[in-house]
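The structure appears right after this line, and notes come after that.
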Amino acid sequence: METQPRVVITRPGERGAVLAAAIADYGLPVARFEAMSVEALPETPEQRAAWLDFDQFRRVMVVSPFAAECLAEALDRFWPQLPVGIDYYAVGAATAAVLHERLGVRVHVPPAIAGEDTSEALLTLGSLRALDHEKVLLVAGEGGRTLFAETLAARGARVTRLAVYRRTLQPPEPAMAECLATGHFRALVVSSGEILDYLARWCAGAALNQPLIVSSARLATLAGKLGFRDPVVARGATPTALAAAVSNACDSQEADVDQDDLEKG
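Here the sequence shown is numbered in our numbering, starting from 16 and rising by one per residue.
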């Protein structure tokens, strides 16, 4: 086991690399545990029908950056020129950035007053309050939460939910498993409820007392139920917000240690 504890991050892929760099900019060593892999699903007849009839949808909701990538790939094949009259929505800034970069569209995101990028926050937008018979396409991963589809349907929308990718949980390597079991890390960063629930299986008592940085109040509530002592809610799921929360948590932890040392002295 390494003598210097690191900040453990669980975000997979390129987005994980960006988050690692943001945390490293604060002078904190980082260990990456890609607890989840994602892969695009083969195209189904249902997907193909939705892409062909894409111009029939009034609103398109996209739940993650990878879902946005999958949507852009499909539209590149079926619609060389995007149809007009469609409003696009993204759960967070990273997803909105992919849609804007790949498709050149304006994207609705959760209002700043909500204080976090979550499905619940996005659903507070005024344009989503009354959806009488509007056709709405929800682009998401396999499984996952049903909040979006159920809420939109309850508000009158005719919802088509397309699963375009699959998430697969990955076990930690032996060294990372030991790190989680012993709490030998400076902080743990999680922005997914599925990953947080999975990590709780590997975290023993000491780990549950270490700083846990999460991206929303919903995740903080889940963390408390799973036994994590004092989760810290970042100001969003962006690398900048998460890295700042990590730095603050680590500084506070060191200050607590220093105070203990002073009292012992």
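Even glycine gets a Cβ: it sits at the ideal position worked out from N, Cα and C.
Is residue 36 helix, strand or coil by DSSP? helix
Backbone secondary structure at residue 252 - three-state DSSP: coil
Please report how far the alpha carbon of residue 255 lies from the alpha carbon of residue 94, in whole angstroms. Whole-angstrom Cα-Cα distance: 34 Å.
At a cut of 8 Å, does the region 161-170 reach the region 181-191 through at least three beta carbon pairs? no
So what does DSSP say about residue 165, is it helix, strand or coil? DSSP places residue 165 in helix when its eight states are reduced to three.
Are there three or more Cβ pairs, one per stretch, closer than 8 Å when the region 214-222 is compared with the region 81-94? no
Strictly by DSSP, which residues pair up with residue 105? In the DSSP output, where bridge partners are listed per residue, residue 105 has 77.
Can you tell which of 201, 137, 228, 179 has the C-alpha that lies nearest to the C-alpha of residue 58? 179
Using DSSP with H/G/I as helix, E/B as strand and the rest coil, what is residue 182? strand
Roughly how many whole angstroms lie between the Cα atoms of residue 204 and residue 76? 26 Å
Chain-order list of residues whose beta-carbon lies under 7 Å from that of residue 224 (same chain, five-residue window excluded): 198, 244
Which residue comes first and which comes last in the beta strand (DSSP E) that contains residue 52? That run of the beta strand (DSSP E) goes 51-55.
Label residue 121 either buried or exposed according to how many other C-beta atoms from any shown protein chain fall within 10 Å of its C-beta, with 16 as the threshold for buried. exposed
Sort 185, 142, 172, 39 by Cα distance to residue 51 and report the nearest one. 185
Put residue 115 into one of helix, strand or coil per three-state DSSP. helix
Limits of the unbroken beta strand (DSSP E) element including residue 208: Residue 208 -> not in any beta strand (DSSP E); alpha helix (DSSP H) instead, spanning 208-214.
Sorted by chain position, which residues of the same chain lie with C-beta nearer than 6 Å to residue 260's C-beta, five sequence neighbours on each side aside? 228, 247, 249
Taking only three categories from DSSP, how would you classify residue 198? Residue state, collapsed to three classes: coil.
Kindly indicate the opening and closing residues of the alpha helix (DSSP H) around residue 220. 220-223
Tell me whether residue 156 sits in a helix, a strand or coil according to DSSP, three-state version. strand
Spatial neighbours of residue 173 within its chain, please: C-beta separation below 8 Å, excluding the five flanking residues on both sides. 148, 149, 150, 151
So, for residue 82: in the same chain, excluding its five sequence neighbours on each side, which residues have a beta-carbon less than 8 Å away from its beta-carbon? Contacts found: 110, 154, 155, 156, 179, 180.
Inter-residue spacing [alpha-carbon to alpha-carbon] between residue 280 and residue 267: Note that residue 280 scores 39 on pLDDT, short of 50, meaning its location in the model is unreliable; the coordinates nonetheless yield the value given after this. For residue 280 and residue 267, the distance between alpha carbons rounds to 20 Å.
Residue 45 and residue 21 look like a contact to me (Cβ under 8 Å); what is the Cβ gap, rounded to whole Å? 6 Å
Chain C beta carbons: is any one of them nearer than 7 Å to that of residue 146? Absent from the structure is chain C; it holds one protein chain and no more.
Count the other C-beta atoms from every protein chain shown that fall within 10 angstroms of the C-beta of residue 146, then say buried if there are 16 or more, exposed otherwise. Buried: at least 16 other Cβ atoms inside 10 Å.
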